[in-house]
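Enquirer: One line per chain: the protein sequences are A and B, in this order. All the letters of the first sequence, read from the start, carry residue numbers 4 to 372 under our numbering. All the letters of the second sequence, read from the start, carry residue numbers 46 to 380 under our numbering. Where a beta carbon is used, it is the ideal one built from N, C-alpha and C, also for glycine. Since the structure is predicted, the reported quantities are computational estimates derived from the model, not experimental observations. Submitted below is the structure of interest, expressed as structure tokens.
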Amino acid sequence: MSSPLKPLPAWADVALIPLINVAAAFVISGFVVLAIGENPLEAVQILITGALGDLEGIGFTLYYATSFIFTGLAVAICFHAGLFNIGVEGQAYIAGLGAALAALYLGFLPGYSLVVVAIAAAALFGAAFAAIPGYLQAKRDSHIVITTIMFNYIASALMGYLLVDVLRVPGQMNAETPGFSKYAAVPQFHELLAPLGIQWPVTPFNLSFLLALAAALAVWLLIWRTRLGYEVRTVGANATAAIYGGISPSRITIITTLLSGALAGGLAVNVILGQEHRLILEFTGGFGFVGIAVALMGRAHPVGIILAAILFGVLYQGGDELAFDKPKISRDMIVVIQGLVVLFAGALEHMFRRPVSVLLARRTTQPPI
Amino acid sequence: MFGRNSNIMTTALFAGGLFTSAAYAADIKPAIIYDLGHKFDASFNEGVFHGAEKFKKDSGVDYRDLEIQNDAEREQDLRKFAKAGYSPIMTVGFSWATALGKVADEFPNTKFAIIDADVDKPNVQSIKFKEQEGSFLVGVIAAKTSKTGKVGFVGGMDIPLISAFGCGYAQGVKYVNDKDEVFANMTGTDFHAWTDPVKGGELAKSQMDRGADIVYAAAGATGQGVLKAAADAGKLGIGVDSDQDNLFPGKVLTSMLKHVDVATYKSFMDAKNGTWKPGLLLLGLKEGGVDYATDEWNKSVLTPEAKAAADAAKADIISGKIQVHDFRTDNKCPV
């Protein structure tokens, strides 16, 4: 038994193990639901149909999933370089500032070029805010976990000040900017499909979703198909060895954090340009932190991240329906279920790995009787 | 087999239930959606909850309530309640204004209400309070009670609404004694400022170090830290929104009452009786929307002299003899 196990086949690694983990999380959640006196099967049914049962549910699920794809990719790209970026929340928050400033003050740009510039501004601001912890890690050896956590607070304080004292409409109680022009809005699918005669219910689901899929493809190409990606993975695997290979870890660290910050900006694109059409306080709503769970669950692979993001989208949207339909199941219950999924998919990821690989190894090595 | 049968039974019962409720067509289906944060905050949101509970007890009509988790849910949940036939739908807090402005147009036959903001739609009731008037009264009480001539104010998030509390308070203090000093601090500029009792306590301590012997907190859950710091230091605190005198009996001078509970109760009751009206409801001292608290917990600290001064000021404000300036009109405080 002590001999090292053979690596799992790819299908088991990307599909079977996550499936078992999620199933385990749901079973435990079922007991919690049972304990507060509701029927767990019914709860699961409401959760699934609420999230995927109709076009409206699907719209919201994919809207949330879009945010999670971006934040998951942002965290994952840093994982590959051995960096743990906890500051996606703050980077996305500052990216929202870039998007809003472009949308509000570059209104002279012709037509929809405004939204393109606003998206670029979001990426730029996110990257710039990530650059500082990246530089400190690369040149001053200040640990990126600590600096990015602190930078979340800086982002929060800065945005609070700007929204309350500088950008707010005078006399308005809400700390928010004026609304953007329609050319600064990423079109939502129900608007796009209406001229084609397709009735899609009003949801915040917008074109950022395609941008997120494109970003996932770009990250995959970058990490596994380019020289830079090879360097990133080398630094992540062993920074000392990378130096002997002629790779500068500090250069890779800075480039990776810049890219991570730019990807974090996608959250601002989806929420600020795609849905709110104005800059509001704390629009990030913890999605940056959930990105860590998404990246862990997706095993830092873009395909895995897309699947994990959709799962979290289902939990968010289905959870909202569940809280609406079952007053007994409060918001905190939904957080418990989400937490269990994170626990099993992330922290206890290896719990089922060994039994599964033992099982599979036995099946493949034993001669048929 | 049995499981299936019992399912059918439940469905039948449920349908029966629906039928009976439809028979009382005059009945209303009220709903409440709280703001981000907590339903049980011992202050603002909880006040709405108590008002709705009282309505349920008095009228026998049940209501639904919901807490949201992120901003995208605002419009979504409003639509869900409206589609399910709920009316009136009470939204708690000014953050709802933008979402409500959009959704109210889509459901012209649904009654909506919002607290602390003005949404100008034909089917929206906007409930606002003259917080400056209630704050003026507790300012008068503070000035009459203070021995050092210095009093403090700890606000939650730095927004005009909270400045209106602070400004009314300062006007009340200066009305009694122009030389009295008011130290004012805000806890922060984001939503965490409502839920940071530790920082609230620190701010209160620094004000007391400078000589303040009474501190007024208008800071949601942060305020509990302010009241505790004052109580621990042997000084007095002033509570806000709900009656908080019982949190530290004998250590809380009074509370500035903002009757969101009364407003909620009245809005639901009016809807039930068919007298619900859209438009702006501005509730001040005259309308009973704001007041100060007197009860068994603060009678040992609230002197008859202070109480008499407050009651005199109250009468003068109601008659119009004292005009309390509202910070929100020009973002300035005259004192």
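(1) How is the beta strand (DSSP E) around B:M301 delimited, first residue to last?
(2) Using DSSP's beta-bridge definition, name the partner residues of B:L111.
(3) Measure how close the beta-carbons of A:I49 and A:L55 come, nearest whole angstrom, since I'm counting them as under 8 angstroms.
(4) Against chain A, does B:A149 count as a neighbour if the rule is that its beta carbon must be under 8 angstroms from one of theirs?
(5) Indicate whether at least one CB of chain A lies closer than 8 angstroms to the CB of B:D356.
(6) Given a cut-off of 8 angstroms on the beta-carbon distance, is the pair B:L281 and B:V335 in contact?
(7) Mapping DSSP to helix, strand and coil, what is A:N177?
(8) Does the CB of A:Y164 have a neighbour CB from chain B at under 8 angstroms?
(9) Measuring from the CB of A:F355, is there a heavy atom of the ligand COA at a distance below 7 angstroms?
(10) Below 6 angstroms CB to CB, which residues in the same chain sit around A:G322 once its five sequence neighbours on both sides are set aside?
(11) Please determine if the segment 194-210 of chain B and the segment 244-256 of chain B are in contact, where contact requires at least 3 C-beta pairs separated by less than 8 angstroms.
(12) At the level of alpha carbons, what is the spacing between A:L225 and A:L325?
(13) In chain A, which residues lie with their C-beta within 7 angstroms of the C-beta of B:I362?
(14) Less than 8 angstroms between CB atoms is the rule here; does A:P12 satisfy it with respect to chain B?
(15) List, in order along the chain, the chain A residues whose C-beta lies closer than 7 angstroms to that of B:D203?
(16) What residues in the segment 97-124 of chain B bring their beta carbon closer than 9 angstroms to a beta carbon of chain A?
(17) I'd like the span of the beta strand (DSSP E) that includes B:F174, first residue to last.
(18) Under a CB-based cut-off of 8 angstroms, is A:Y66 close to chain B?
(19) Roughly how many whole angstroms lie between the Cα atoms of A:M354 and A:I80?
(20) Among residues of its own chain, excluding the 5 on either side of B:D411, which ones have a beta-carbon nearer than 7 angstroms to its beta-carbon?
(21) What's the C-alpha gap between B:T75 and B:E112?
(22) Excluding the five sequence neighbours on either side, which residues of its own chain have a C-beta within less than 6 angstroms of the C-beta of B:K166, listed in chain order?
(23) By Cβ distance, which residues of its chain are closer than 6 angstroms to B:V169, with the 5 residues on each side in sequence left out?
(24) Which residues bound the alpha helix (DSSP H) around A:L210?
(25) Residues of chain B with CB under 7 angstroms from A:P330, in chain order?
(26) Near A:A141, which residues of its chain fall below 7 angstroms by C-beta distance, leaving aside the five closest residues on each side in sequence?
(27) Note the first and the last residue of the continuous beta strand (DSSP E) segment covering B:D116.
(28) Tell me whether the beta-carbon of A:T74 lies closer than 8 angstroms to the beta-carbon of A:G288.
(29) What separation, rounded to the nearest whole angstrom, lies between the Cα atoms of B:V369 and B:E98?
Expert: In this structure, then:
(1) Start and end: 297-303.
(2) Listed as beta-bridge partners of B:L111 by DSSP are B:I78.
(3) That belief does not hold up - the Cβ atoms of A:I49 and A:L55 are roughly 12 angstroms apart, past 8 angstroms.
(4) The C-beta of B:A149 comes no closer than 8 angstroms to any C-beta of chain A.
(5) no
(6) no
(7) coil
(8) Put simply, the CB of A:Y164 is near chain B, with a gap under 8 angstroms to one of its CB atoms.
(9) Questions concerning the ligand COA fall outside what the structure shown contains, since it holds no ligand whatsoever.
(10) I337
(11) yes
(12) 39 angstroms
(13) Proximity of chain A to B:I362 at the Cβ level (cut-off 7 angstroms) is not reached, the minimal Cβ distance being about 23 angstroms.
(14) It does not; no Cβ of chain B falls within 8 angstroms.
(15) V167
(16) R109, D110, L111, E112, I113, Q114, N115, D116, A117, E118, E120, Q121, D122, R124
(17) Note, B:F174: beta strand (DSSP E), 169-174.
(18) yes
(19) When rounded, the distance between both Cα atoms is 25 angstroms.
(20) Missing from the structure shown is residue 411 of chain B; chain B here goes from 46 to 380 and no further.
(21) Strictly speaking, residue 75 of chain B in this sequence is Pro, with Thr absent from that position. Answer to the nearest angstrom: the Cα atoms are 15 angstroms apart.
(22) Only A149 meet the Cβ criterion.
(23) A149, F157, P323
(24) Looking at the DSSP string, A:L210 is not in any alpha helix (DSSP H), and its letter there is neither H nor E.
(25) R109
(26) S253, T256, I257
(27) Unbroken run through B:D116: none, as it is neither H nor E.
(28) Using a Cβ distance threshold of 8 angstroms, A:T74 and A:G288 do not count as a contacting pair.
(29) 33 angstroms
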